[in-house]
Structures are given as structure tokens and as C-alpha cells.
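**Q** Pasting a structure here, questions to come.
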Amino acid sequence: MFEFKISKKSKKNNARLGILKTAHGEIETPAFVPVATQAAIKTLDSQEVLKTKSQILICNTFHLHLKPGEKIIKSSGGLHKFMNWPKPLMTDSAGFQVFSLGFGRDFGMGKILKEKNGGKIKSGQQPKLLKITSEGVLFRSPNDGRKIFIGPKESIKIQESLGADIIFAFDECTPPIANYAYTKKSLKLTHQWAQICLNAKKSKQALFGIVQGGKFKDLRIESAKFIGNLPFDGFGIGGEFGDDKKIMEKMINWVNKELPENKPRHLLGIGYLEDIPKIIKAGVDTFDCIVPTHYGRRGIAFTSSGELDLNKSKFLQDKKALDKKCPCFVCQNYSRSYLCHLFRAKEISALKFLTFHNLYFFNSFVENIRNAIKKGKF
RNA sequence: CCGGCGGUGGCGGAGCGGUCAAUCGCAUCAGACUGUAAAUCUGACGGGCUUGUCCCUGCGUAGGUUCGAAUCCUACCCGCCGGA
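So for the first sequence, our numbering puts the first residue at 77; every next one is plus one.
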């Protein structure tokens, strides 16, 4: 079962309040989606994740295909049972790994550039370790270097075995230094793969198509029209978002203008705290991001007064809570001083405390935006 | 008191005649991270500035040998171990 209902639209911008219904329960949108790549929110158990107000998680097809393999998960009764997560789940298609293990690795870059860095990647160019063909992608396992082929059919098949509520079409996340010709050609492939995914799917899972097109307005619009016209249950907006973040908001607006109004839109892999109001205003319903969990393990805490790096020795003297306004169990029970000590002493509980707090903080942040939309204040 | 071993940067520890401000760890400091190759990675880490194929100081202390010493010799100081 899959349903999306928009209960309210902002009069000030394109933000919308909605309910996404799945077989594993409802999600109030806009919603943040924590990233559980290997069927785990690192450092937390599923009961703890529930306490962070998380409504849905996203796991990764590529990683789970390698370890432990979808057969194991299927034989355990699917991802929900396997990881003891009662609420909705998404799985990413492995499309991001086409970038992160390909050109992303070759050039040591993320999908958002800080500086303008031109179209270094030209049409026809291949990443060093991967081979991208019209059939799919020949990956090299980052674990042992062995070859792994995943194309649209394979991705869907794996995702069906995993059994998440929402699955994604296989795409290529294009790199931010790809030129127009590369991006255009890649887009064509992503579009072909989208149709193959739709035809391949036999399950009742909701399938989201992914819009690509890089930083190029005409390609983004072309992609949103093409993908938006296919019978997907919802849409992902993927890829790179330009040479700097300023384009991101514009780009999401170009795309959302073309996508069907009544279907959910998921922004893939975006969500610094400062990005969140912008992307919600641009009409995004759900979005996932590694930042709260990943940064938490690095010692960065997100608070109402900014980011704190708990590795810094100055916090040893600081007896305050991470965030005095936060009701989470970390802020209620532990001082910055103690958390700083744990990080400096390399105690593993440090990672858990910040992961918990950051997720709670992000989810609360988005919850506040939902309430504001409800009250007509956003 | 005798014998053995050793004293190198904040710490541990390489080097054992020239290419040494000195491999490498650790600690410290700074930076990065947006569909997680990520409890990770990068950089700095004697002092100085005009940040450079730059200058100064330097391998327990004081002398010596040598064109040249952290590296060899002598004395002394300190530490550890063994013997009286």
C-alpha cells in the first residue's frame, strides 16, 4: 500500500504538508530520512532510533548486496525484520555509488563543489574503476576489488528482495565536473534505465524515478518532464547541484514545477541544517542526508546555537548541555565537558551520544517546520 | 664502589661519520566531510620571518679527533640492570 496526501500548502512558498502512507505506517512530511546504509544507523539500535523521532530510514542496495547479500536479508523476512525496524524504509538503488565509487573517487570530490571547476569530465569518459554501459554498471567492490554488475534490472531485483516500502530507480548520479555533453548522454541512460526499472518491478513496493540533469537547466527540465510522465509512485531528485549551493534551490524549483503535484518528491542526499528550510520551501517532501550521523561520529553536534566540535579542548571546561533547549536524553543528562572528554578519550559512547542528539535535533528541526506550515507561518 | 646498557623533538622511538630539524607512532592544533570506500581523511607540529631549493638553534654536559660528528674518543652528570 502506498498513498500520499497533501494536507496543506504554504501560501508563502512551495512548501507542502502531507502524509505518506505505507504498509509500515505513516510519515508526516516534510520529513528527514536518516541514512542507514548497511541496515544500521551506526551506533544506535532500532529502539534508540525510534526515540530520535525518526519516521523512516534509507538503506543502500549496493552495500547490502555486497554484505550480507540480499538472499540473507530475504531469508530473514526482509529488511524490516532483519534490522528490527517497524517503520517505513527506503532503499537507494546503487545509483549514487556509480558516482561515489567512480568519478567521485577518481577526483576526490563530493557532489557539490565549493569552487567553479568546469566540465573536466567529457562525454564518453569512464571512471577508473567502473565501466558504465547501456546495460548498467560494472563496479569493483571496494572491499576486495571483485567485479559486481548492477544495472536497472539487477537493482530492482535486489531491492525487491530487500523489501523496503519505497525503492528507487537505478540512475547515474552525474559528477559536478561533468560537462554538458557528458551530463546529457548520462541523462539519456538514466531515462532508459527508469523505464526498464518500471517494467522490471513485480512487487507492490512504491518505486520512485530519479530526475537528473546536473546543473543544466534545460536538462533538469527535460528530465523532470520525462521522469514525471512515467507511472512512478514518487520522484527522487538526484545528482549534483551546481558549482555552488546557490543553484540548488533554483534547480529544485525548476524540477518541482514539472513534476506531478500530487506525488511525493524526495531530494536525494541533501540536508545540511541550513539547506533544510530552503529545500522544503522549494517543495521537497522527504530528503535524506548523512550529515547528522556522519558528523556526529566526527564530534560535531548541531545545536540551536550552531555547530559545536566536541573534539576541541575548550569544551572540557564547559559544563552546559549540548543544547539547553533540547529535551533529548543526551542534553538532559550529559555536559559538553563529559562529551568532550569521551571524544578525546576515544570512548565509543561518544559517537552514540552525538548520533542520537543530532538525529533528534534534525527531526525536531523539521517537525518545527511542519508545525509552522500548519500554522501558516512558513 | 665495580661491571653492563642507555640518555635524540610534549611523549615513545628510529638514525650510528657527510644527503639530518632529524623516518615512524602517539599526543596536540587546524581544516574537510551533503542518495556513507567515512569512529575517516588532509595539513601543521624546535624558533623566526621577506613562508623560501630562507635564516637561527639542535641529538645529556664539556672537551677532543676529523675537511665534516647525533653518529668516533675522553671526562663528567643522570637513569636502568647485575655484582659486591
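For each residue, glycine too, the CB sits at the ideal point set by N, CA and C.
Can you tell me the Cβ-Cβ gap for PHE496 and LEU349, rounded? I've got them flagged as a contact below 8 Å.
**A** Because the chain here runs from 77 to 454, residue 496 falls outside it and cannot be looked at.
**Q** Look up THR379 in the DSSP assignment and say whether it is helix, strand or coil.
**A** The three-state secondary structure of THR379, taken from DSSP, is strand.
**Q** According to the Cβ coordinates, are THR369 and LEU435 closer than 8 Å?
**A** yes
**Q** Can you tell me the Cα-Cα spacing of CYS249 and TRP330, whole angstroms?
**A** 18 Å
**Q** I'd like the ranges of any beta strand (DSSP E) spanning at least 3 consecutive residues and lying wholly in the segment 151 to 199.
**A** 165 to 168
**Q** Spatial neighbours of ILE366 within its chain, please: CB distance less than 6 Å, with the 5 preceding and 5 following residues excluded, ordered by chain position.
**A** VAL111
**Q** Shortest alpha-carbon distance to LYS326 belongs to which of HIS100, VAL360, PHE302 and LYS277?
**A** VAL360
**Q** In whole angstroms, what separates the C-alpha of LYS482 from that of PRO228?
**A** Outside the displayed span of the chain (77 to 454) sits residue 482, for which this structure offers no information.
**Q** Name the DSSP bridge partner or partners of ASN387?
**A** Its beta-bridge partners do not exist; DSSP assigns none.
**Q** Spatial neighbours of LYS293 within its chain, please: CB distance less than 7 Å, with the 5 preceding and 5 following residues excluded, ordered by chain position.
**A** TRP330
**Q** In this structure, does DSSP put GLY304 in helix, strand or coil?
**A** In the structure shown, GLY304 sits in a helix (DSSP, three-state: H, G or I).
**Q** Could you give the first and the last residue of the continuous alpha helix (DSSP H) run that contains LYS428?
**A** 424 to 450
**Q** Straight-line CA distance for VAL174 to LYS87?
**A** About 39 Å.
**Q** What does DSSP give as the partner residues of ASN136 in its beta bridges?
**A** ASP168
**Q** Using beta-carbon positions only, say whether LEU155 and GLY239 come within less than 8 Å of one another.
**A** It is a contact, given that the beta carbons lie within the stated cut-off.
**Q** Tell me the DSSP secondary structure of LYS84 in three-state form.
**A** strand
**Q** When the Cβ atoms of the segment 130 to 139 are set against those of the segment 157 to 170, are three or more pairs found closer than 8 Å?
**A** yes
**Q** Closer than 7 Å: is that where the CB of PHE432 sits relative to any heavy atom of the ligand HEM?
**A** Ligands displayed in this structure: none; no statement on the ligand HEM is therefore possible.
**Q** Beta-carbon within less than 6 Å of PHE391's beta-carbon, same chain only, minus the 5 sequence neighbours each way: which residues are those?
**A** ARG412 and CYS416
**Q** For the segment 193 to 203 against the segment 115 to 127, do three or more pairs of beta-carbon atoms, one drawn from each stretch, fall closer than 8 Å, so that the two count as touching?
**A** no
**Q** Which residue wins for smallest C-alpha separation from GLU466, given the options ARG373, PHE441, ASP394 and PHE437?
**A** Lying outside 77 to 454, the shown extent of the chain, residue 466 is not represented and no answer is given.
**Q** Where does HIS100 sit, in a helix, a strand or coil, going by DSSP?
**A** coil
**Q** In terms of residues, what are the limits of the beta strand (DSSP E) holding THR209?
**A** 207 to 209
**Q** For the alpha helix (DSSP H) holding THR369, just list the boundary residues, first then last.
**A** 367 to 374
**Q** Spatial neighbours of PRO307 within its chain, please: C-beta separation below 8 Å, excluding the five flanking residues on both sides.
**A** LEU274
**Q** Alpha carbon to alpha carbon, what distance is there between ALA397 and THR266?
**A** Separation of THR266 and ALA397 (C-alpha to C-alpha, rounded to the nearest whole angstrom) is 47 Å.
**Q** Would ALA254 and TRP269 qualify as a contact pair, given that the criterion is a beta-carbon distance under 8 Å?
**A** no
**Q** May I ask you to report which of helix, strand or coil DSSP gives LEU93?
**A** strand
**Q** Does the distance from the CB of SER237 to the CB of LYS150 come in under 8 Å?
**A** Less than 8 Å divides the Cβ of SER237 from the Cβ of LYS150.
**Q** Would you say CYS407 and ASP399 are within 8 Å of each other, going by their C-beta atoms?
**A** yes
**Q** From ALA276, ILE197 and ILE224, pick the residue whose C-alpha is nearest to that of PRO252; which is it?
**A** ILE197
**Q** Measure the CB-CB distance between LEU177 and PRO144 and report whether it falls below 8 Å.
**A** no
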